[in-house]
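Chains as they are written, first to last, in our numbering: chain Z, 1 to 136; chain D, 1 to 145.
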Amino acid sequence: MANEVTKVTLLGNAGDPVEYIVAEDVAVPKGTIMRISASPQTAIAATTDGQFFAGIASVEKVSGDGITKLALWTHGVFDMVSDTAGCTLGQPVKIDTGANLVSTADSDTVATAGEVVGLSLETLTDGQSGCVLVNL
Amino acid sequence: MANEATNITLLGNKGDPVEYTIATGSPIPKGSLMVFDDTPQVVKIHTVGSQFFAGIAAEEHVSGTALQASAKLACITHCIADLTAGSADAYVFGVPVCTSEAGLNTIGSATNDSIEGMAMVVGISQETVAANGTGAVKINVGKSW
Numbered sequence: 001m002a003n004e005v006t007k008v009t010l011l012g013n014a015g016d017p018v019e020y021i022v023a024e025d026v027a028v029p030k031g032t033i034m035r036i037s038a039s040p041q042t043a044i045a046a047t048t049d050g051q052f053f054a055g056i057a058s059v060e061k062v063s064g065d066g067i068t069k070l071a072l073w074t075h076g077v078f079d080m081v082s083d084t085a086g087c088t089l090g091q092p093v094k095i096d097t098g099a100n101l102v103s104t105a106d107s108d109t110v111a112t113a114g115e116v117v118g119l120s121l122e123t124l125t126d127g128q129s130g131c132v133l134v135n136l
Numbered sequence: 001m002a003n004e005a006t007n008i009t010l011l012g013n014k015g016d017p018v019e020y021t022i023a024t025g026s027p028i029p030k031g032s033l034m035v036f037d038d039t040p041q042v043v044k045i046h047t048v049g050s051q052f053f054a055g056i057a058a059e060e061h062v063s064g065t066a067l068q069a070s071a072k073l074a075c076i077t078h079c080i081a082d083l084t085a086g087s088a089d090a091y092v093f094g095v096p097v098c099t100s101e102a103g104l105n106t107i108g109s110a111t112n113d114s115i116e117g118m119a120m121v122v123g124i125s126q127e128t129v130a131a132n133g134t135g136a137v138k139i140n141v142g143k144s145w
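Quick look at the structure:
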């Protein structure tokens, strides 16, 4: 993939990892922004605007490794890459279209709070990376 | 200053402190409500309403000593603390509160605008509080309300 998230500071209890079900035959790089994809508690890599944020892959998962569970960080400060829409200091950000990209959330996104990734700690333009406070 | 947060009960991992950048030379009392001031990650003491909340100053920043050279300050982001309502603010228990127009470290009921601009929400009130009164607020910065 590309633009994987970089850990800056884990908050809570070591980033408050939550274990999700993942497909055994899918590769997930460490730092991938994951979305809830099915019930119960199943996650895959986020790809586009409007998806519900689940957390950030805390370890790499190799395709075909027999593993069907993956721990996702849900609490911490992480370095993320902005999409073309950019991010604004102090405002919530959402998943945007593309691999591991985020941008400023809109009113609908915030009302549907599951789409919110976190709180932007920096103002970012297209392609820039900066810190986001994640607290699911 | 005035109206700093008191009776702070740390939640999460010791209050989940986040380190922010501050202006050197400006005194910051422990317990000050801190808001975002500039990018990247620069915070200051709350002065008026409609500001994006960053956390509570975990320690005092002293001005006029060798310590003033420090440009970093840890802010508590997860706790229960006693906060003061603004002079024209009153709210009931269970509602989101935000920084108040009354200024310096005071809070009031959050509006739809401050809730949608989520970071303006300081926390959820645990008590019904009259104007200028003090009551407990549960704070969890960045939480998807």
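The C-beta atom is built at its ideal place from N, Cα and C for all residues, glycine as well. From a predicted model like this one, the values you see are computed outputs, not experimental measurements.
Please classify residue i as buried or exposed, where buried requires at least 16 other C-beta atoms within 10 Å of its C-beta.
i         : result
GLY55(D)  : buried
LYS61(Z)  : buried
PRO17(D)  : buried
ILE67(Z)  : exposed
GLN91(Z)  : buried
PRO96(D)  : buried
ASN100(Z) : buried
MET120(D) : buried
LYS14(D)  : exposed
Taking the DSSP output, what are the residues bridged to residue i?
i         : result
THR24(D)  : Partner(s): none; THR24(D) has no beta bridge.
GLU19(D)  : ALA74(D)
THR9(D)   : ILE80(D)
MET80(Z)  : GLY130(Z)
ALA43(Z)  : ILE36(Z)
ASP38(D)  : VAL42(D)
ASN135(Z) : HIS75(Z) and LYS143(D)
PRO123(D) : Before going on, a small fix: residue 123(D) reads as Gly here, not Pro. GLY123(D) is bridged to VAL97(D).
ILE95(Z)  : VAL102(Z)
VAL53(Z)  : According to the sequence provided, residue 53(Z) is Phe. The question's Val does not apply to it. Answer by DSSP bridge pairing, in chain order: ARG35(Z).
ALA85(D)  : ILE107(D)
THR6(Z)   : ASP79(Z)
Report the neighbours of residue i on chain D: residues whose CB is nearer than 9 Å to its CB, in chain order.
i        : result
GLN91(Z) : PHE52, GLY117, MET118 and ALA119
Assuming residue i is part of the alpha helix (DSSP H), what are its boundary residues?
i         : result
ALA14(Z)  : ALA14(Z) -> no alpha helix (DSSP H), and no H or E assigned at all.
ILE115(D) : 112 to 116
ALA111(Z) : 107 to 111
Output, in chain order, the set of chain Z residues within a Cβ distance shorter than 9 Å of residue i.
i         : result
ASN140(D) : ASN135
PHE93(D)  : Here the premise fails: no neighbours, minimum Cβ distance about 21 Å.
Note down, in chain order, every chain Z residue with its Cβ under 7 Å from the Cβ of residue i.
i         : result
ASN13(D)  : LEU11, GLY12 and ASN13
LYS143(D) : ASN135
Could you spell out the range, first to last residue, of the beta strand (DSSP E) harbouring residue i?
i         : result
GLY31(Z)  : No beta strand (DSSP E) holds GLY31(Z); DSSP gives it neither H nor E.
VAL97(D)  : 96 to 99
LYS138(D) : 134 to 140
GLY55(D)  : 53 to 57
GLY118(Z) : 116 to 120
At a CB-CB cut-off below 8 Å, which residues of chain D make contact with residue i?
i         : result
SER107(Z) : GLU116
VAL77(Z)  : VAL18
Can you pull the chain D neighbours of residue i, defined as C-beta to C-beta under 7 Å?
i         : result
GLY130(Z) : PRO40
Hey, would you say the C-beta of residue i is under 8 Å away from at least one heavy atom of the ligand GDP?
i        : result
THR68(Z) : This structure lacks the ligand GDP, and indeed carries no ligand of any kind.
Self-check item: Within 8 Å of chain D by C-beta, residues of the segment 109 to 123 of chain Z in sequence order
Solution: Within the segment 109 to 123 of chain Z, the qualifying residues are VAL110, ALA111, ALA113, GLY114, VAL116, GLY118, LEU119, LEU121, GLU122 and THR123.
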